[in-house]
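Following: one structure in structure tokens, then a few remarks.
Number of protein chains: 2
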Amino acid sequence: MRNLSMMTDYYQLSMMKGYLESGVHEDEVVFDLFFRKNPFHNSFTIVAGMESLIDYINGLSFTEDDLKYLASVGFDKVFLEHLRAFRFTGDIWGVAEGTIMFPHEPVIRVKASIFQAQLIETALLNIINFQSLIATKAARICEAAQGDPVFEFGLRRAQGPDAGIYGARAAYIGGCVSTSNVLAGKLYGIPVVGTHAHSWVQKFETELDAFRAYASSYPENCLLLVDTFNTIESGIPNAITVFRELQEKGFKPKGIRIDSGDIAYLSKVARRMLDDAGFPNTAIVASSDLDEDTIDSLKVQGAMITHWGVGTNLITSSNWPALGGVYKLAAAAESGALVPKIKISDNPEKITNPGLKKVTRIYDESGLFALADLIMLADETIDTSEPLTIFHPIYTWKTKTFRRYSLRELLEPLYLNGKLVYERRTVQEVRANVRRELDGLWPEYKRLQRPQIYKVDLSKKLWDLKHQMMLAHKE
Amino acid sequence: MRNLSMMTDYYQLSMMKGYLESGVHEDEVVFDLFFRKNPFHNSFTIVAGMESLIDYINGLSFTEDDLKYLASVGFDKVFLEHLRAFRFTGDIWGVAEGTIMFPHEPVIRVKASIFQAQLIETALLNIINFQSLIATKAARICEAAQGDPVFEFGLRRAQGPDAGIYGARAAYIGGCVSTSNVLAGKLYGIPVVGTHAHSWVQKFETELDAFRAYASSYPENCLLLVDTFNTIESGIPNAITVFRELQEKGFKPKGIRIDSGDIAYLSKVARRMLDDAGFPNTAIVASSDLDEDTIDSLKVQGAMITHWGVGTNLITSSNWPALGGVYKLAAAAESGALVPKIKISDNPEKITNPGLKKVTRIYDESGLFALADLIMLADETIDTSEPLTIFHPIYTWKTKTFRRYSLRELLEPLYLNGKLVYERRTVQEVRANVRRELDGLWPEYKRLQRPQIYKVDLSKKLWDLKHQMMLAHKE
């Protein structure tokens, strides 16, 4: 990964310079990175991006060229000397990549000097926001496909190269089985697939010539795009001709792809034509502006599609193109001790949770199914031999008591005193983690429309602290 | 720019290998890159990305590491030798970056061996799609702001680092006056701006302390964020206190920023409070999920905002997150001569225009205002001493005759025989080009809602060719 130290908002630098001049730049602070809303009215978000985050933090340092530029836009020598010496020496805690998280829960927690913690805000948000968004979108699309393989196809419509690359990675960890992006395949070991485009068919004198040429190069992997001219009248009949020729030579044809038209109808006709011709096991791949809603609807309509190629709507998360992650100050050192900090707002959703916090997930006795989460102060403990009662943070009379349960703390250290302590995982491991996380959620949380809302409560101690601070601000 | 040679769809490689094995890989072909629809129901699209495209083409070559990976996923030695030797040696024509273009017009035209032309499809689409989208979105937002400065603020919500960087560049060429993205500022010389966040205010014991500290570091550029606790009751009064202190020291305070709440109401109250306090020339910057529709509505409501900070909705183009650019085969060599090619579809919008083409823009006599465009075959000429009659490509009885007019051909060579011949332009030059292009469009084409549709017709010769090919395919 290239050096992205300069990929920050200008105001981070102007604040850093201001902190330096106010003599508070070395004060320790705590920032929480969290989101306020699940995308897509989903009930959860799959958090991704930890690997990129680590590449970014590891690479943090300013080049002479960077400093020269910053001098040219008016930063003074004293400040630039501090940037020249910049190394990240703080603590970062975060959830394991691929963990399912919910609104208001810290997914990354930074404890560092305010000079350091402020610089990294922008890049952390950029990384976590996008990758979590795409992983979550992919999970929804795979949920709609009900176990059918979903191919990620979106590179050409991605918002730039990185979006194509990190998007392919996020889509794979979210459940897709492959990507069309060769570079992402190389970088992460994601399976890459793809056959041919309309241009292949146009290049040859006839569609049949084109299919024969393709079959000759790919006798064992012959998947033909049948909609260049007319799907039913020429594409499928020509494909069947070539499949028969392949079969005579002892090869098993793979199937067809349909990229336009009424996919529900065409797939049913295609299935019947292929079955009647003696190819009942061939694949029918569909790819045409698909998303979870269209796939869901095609399933309901009985479309005979076996594999789904999803492009634009996945790679751009078109109906919800940004996860609104934020990075908010939760505590700051005053005379050496961390003091909780709060941001007040007329909008109750926007009032932050103060203090150094952790997130505890409550499981059923078996440890298999997640029941609820608790946001707590970091120094709190729970005695699991006692019943545990939690309460809704707004409708506080709504309580729930767990008698037999187990707990898991979700935040783990990524960096301690600037040293990387997180064991880096392969994309395959992260993908498996997502699978486990999804398996630990009841189906009611996973349905696409109006899912059950997962309980995320505050500990009594945190709730009291927050309310006391809100009241103090009122005065 | 890093080497993105591997950033292609897998099917490009599988087709390239197939072309090689079919012995047609050196056949010359023509591909058009175009879009079928303007984004946002806008009447035009500002085409951007040429600089990235040139970086990409210049960098095209496969490393040993790339070839090793491709061997591992099954590509054979003969094919890999061809990739090892890969250099782009074809022609690429395109419009000058920042040109306003319309649906179905080739914005890039590639003439190269099919082996080469196929490889570059994905990257070209990725680059042009995103950058054109954001430049166009920025132009709409600036149109809504009616000349007020618009700041690009979106890096933290961009779809990865590249989206933040290229998005900032595209937003600037589309009309924004600055970006918050320091890296984009460094790379392209875009003005960078930014002041402070809520965290700055939280870090100090009181808001007033925080404002004083900020004013002490930035006495000449003191713009204060006033909504951390309560905009009207504490933020603005504290800002006024600090502004008075600054004024006593001989400094001119810059203004305030409002990032939440009812911006229309708050900006009016803020204006009155600042005016009453003797600061009528201070800025009121608004930034809170803005887009062209919200800005338009705030203008209608009489909001007293002087500067607009736009983030998420600009950098992700949230309501239309992908320009659906495509890359379609228009001609292919058969026995040495280029033969026009067509892609048929039930959907008339999806039928391609065959042949090697160019785009001619018809201006009024003064050469200032664009009147209509003609997509023509490349070898056609127009005698401007004669009247010019064009006709609608569907409703062919709709004609228009120009008697006094001037012409401009929009496609210019970027590469000839693999050699770069395009004179590279600075971002500032591209931005100026966008301004000129916008000035050459009547306001009716630029309004945000239901703009007039700009005429794009086919030449008689191209229209005849297309219809003859469509009829031939019917048989």
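Same order as they appear, the protein sequences are chains P and X.
Position 380 (the first sequence) corresponds to 380 in the working numbering; numbering is contiguous.
Position 384 (the second sequence) corresponds to 384 in the working numbering; numbering is contiguous.
Here a beta-carbon is modelled for each residue, glycine too, at the ideal position from N, C-alpha and C.
Of the residues the options, the one placed nearest residue i, counting alpha carbons only
i          : options                                           : result
Ile-57(P)  : Leu-125(P), Tyr-11(P), Phe-79(P) and His-25(P)    : Leu-125(P)
Phe-34(P)  : Phe-391(P), Ala-372(P) and Lys-328(P)             : Lys-328(P)
Lys-203(P) : Gly-175(X), Arg-244(X) and Met-15(X)              : Met-15(X)
Leu-133(X) : Pro-106(X), Gly-194(X), Ile-120(X) and Asn-38(X)  : Asn-38(X)
Ala-138(X) : Phe-391(X), Thr-399(X) and Thr-45(X)              : Thr-45(X)
Tyr-363(X) : Asp-379(X), Thr-384(X) and Arg-450(X)             : Thr-384(X)
Ile-173(X) : Ser-180(X), Tyr-188(X) and Ala-123(X)             : Tyr-188(X)
Asp-91(P)  : Tyr-422(P), Lys-249(P), Tyr-445(P) and Ser-22(P)  : Tyr-422(P)
Asn-417(P) : Leu-53(P), Arg-87(P), Lys-466(P) and Leu-4(P)     : Arg-87(P)
Tyr-265(X) : Asn-281(X), Phe-251(X) and Ala-286(X)             : Ala-286(X)
Trp-320(P) : Gly-324(X), Gly-325(X) and Thr-312(X)             : Thr-312(X)
Asp-227(X) : Phe-251(X), Met-50(X) and Ala-270(X)              : Ala-270(X)
Pro-253(P) : Arg-244(P), Leu-465(P), Asp-259(P) and Gly-261(P) : Arg-244(P)
Cys-142(P) : Ala-331(P), Leu-314(P), Pro-354(P) and Val-427(P) : Leu-314(P)
Val-242(P) : Ser-260(P), Asp-262(P) and Leu-274(P)             : Leu-274(P)
Gly-355(X) : Phe-75(X), Asn-433(X) and Leu-458(X)              : Leu-458(X)
Ala-477(P) : Pro-393(P), Lys-398(P) and Pro-340(P)             : Since the first residue shown for chain P is 1 and the last is 475, residue 477(P) is missing from the structure and cannot be characterised.
Ala-215(X) : Pro-443(P), Pro-451(P), Lys-17(P) and Leu-4(P)    : Lys-17(P)
Gly-94(P)  : Met-101(P), Arg-84(P), Pro-103(P) and Arg-109(P)  : Arg-109(P)
Glu-51(X)  : Ala-197(X), Phe-211(X), Lys-249(X) and Ala-123(X) : Ala-123(X)
Ile-344(P) : Gly-261(X), Val-47(X), Ala-85(X) and Ala-135(X)   : Gly-261(X)
Phe-31(X)  : Leu-13(X), Gln-159(X) and Ile-114(X)              : Ile-114(X)
Glu-380(X) : Lys-357(X), Ala-71(X), Gln-247(X) and His-41(X)   : Lys-357(X)
Inter-residue CB distance, residue i and residue j (contact presumed, cutoff 8 Å)
i          : j          : result
Ser-178(X) : Pro-191(X) : 4 Å
Leu-183(P) : Met-6(X)   : 4 Å
Gly-367(P) : Ser-406(P) : 5 Å
Leu-462(P) : Ile-375(P) : 6 Å
Glu-105(X) : Val-359(X) : 5 Å
Ile-382(P) : Lys-466(P) : Not really, about 19 Å apart at Cβ, beyond 8 Å.
Leu-155(P) : Asn-181(P) : 5 Å
Leu-225(X) : Val-201(X) : 7 Å
Ala-135(X) : Val-434(X) : 7 Å
Ala-170(X) : Ala-48(X)  : 5 Å
Residues that residue i contacts on chain X, provided the C-beta gap is smaller than 8 Å
i          : result
Lys-350(P) : Ser-260
Residue span of the beta strand (DSSP E) that contains residue i, given as start and end
i          : result
Thr-294(P) : Where Thr-294(P) is concerned, there is no enclosing beta strand (DSSP E), although the alpha helix (DSSP H) it sits in stretches over 292 to 300.
Pro-413(P) : 412 to 416
Lys-203(X) : Counting along the chain, Lys-203(X) falls outside any beta strand (DSSP E), though it belongs to the alpha helix (DSSP H) covering 198 to 203.
Phe-34(X)  : 28 to 34
Arg-424(X) : Segment: none, Arg-424(X) is in no beta strand (DSSP E) and carries neither H nor E.
His-473(P) : No beta strand (DSSP E) holds His-473(P); the alpha helix (DSSP H) holding it covers 460 to 474.
Contact set between residue i and chain X, taken where Cβ atoms lie within less than 9 Å
i          : result
Leu-155(P) : Met-7, Thr-8, Asp-9, Thr-122, Ala-123, Leu-125 and Asn-126
Asp-291(P) : In chain order: nothing, as chain X lies at least about 12 Å away.
Ser-43(P)  : Those do not exist, as Ser-43(P) stays about 22 Å from chain X at its closest Cβ, beyond 9 Å.
Phe-86(P)  : Chain X residues near Phe-86(P): none, gap ~14 Å exceeds 9 Å.
Alpha helix (DSSP H) segment containing residue i, residue limits
i          : result
Tyr-214(P) : 207 to 217
Glu-429(P) : 427 to 439
Lys-398(X) : No alpha helix (DSSP H) contains Lys-398(X), which DSSP labels as neither H nor E.
Ser-52(P)  : 50 to 58
Ser-113(P) : Element bounds for Ser-113(P): not the alpha helix (DSSP H) but the beta strand (DSSP E), 108 to 113.
Ser-72(P)  : 64 to 72
Asp-276(X) : 263 to 276
Ala-79(X)  : Residue 79(X) is actually Phe in this sequence, not Ala. It spans 77 to 84 - the alpha helix (DSSP H) in which Phe-79(X) sits, taken as one unbroken run.
Ser-14(P)  : 10 to 21
Chain P contact residues for residue i, given Cβ-Cβ distances below 9 Å
i         : result
Glu-21(X) : Ala-213, Ser-216 and Ser-217
Interface partners of residue i on chain X, CB under 7 Å
i          : result
Asp-346(P) : Gly-261
His-198(P) : Lys-343
Phe-229(P) : Ile-344 and His-473
Phe-40(P)  : Correct list: empty, because the minimum Cβ distance to chain X is about 14 Å.
Chain P contact residues for residue i, given Cβ-Cβ distances below 7 Å
i          : result
Leu-13(X)  : Val-182
Asp-162(X) : Gly-160, Pro-161, Asp-162 and Ala-163
Interface partners of residue i on chain P, CB under 8 Å
i          : result
Glu-203(X) : A small correction: the amino acid at residue 203(X) is Lys; Glu does not occupy that position in the sequence shown. Within chain P, the residues near Lys-203(X) are Tyr-19, Val-24, Asp-27, Val-29, Ile-114, Leu-329, Ala-332 and Lys-341.
Gln-468(X) : What Gln-468(X) touches in chain P: nothing, since even the nearest Cβ is about 16 Å away.
### Query
Unbroken beta strand (DSSP E) runs of length 3 or more, entirely within the stretch 115 to 142 of chain X: which are they?
Whole beta strand (DSSP E) segments, 3+ residues: zero.
### Task
Any chance you could list the beta strand (DSSP E) runs of at least 3 consecutive residues sitting entirely within the stretch 152 to 199 of chain X, in chain order?
none
### Task
Entirely within the stretch 301 to 369 of chain P and at least 4 residues each: give me those alpha helix (DSSP H) ranges in chain order.
312 to 315
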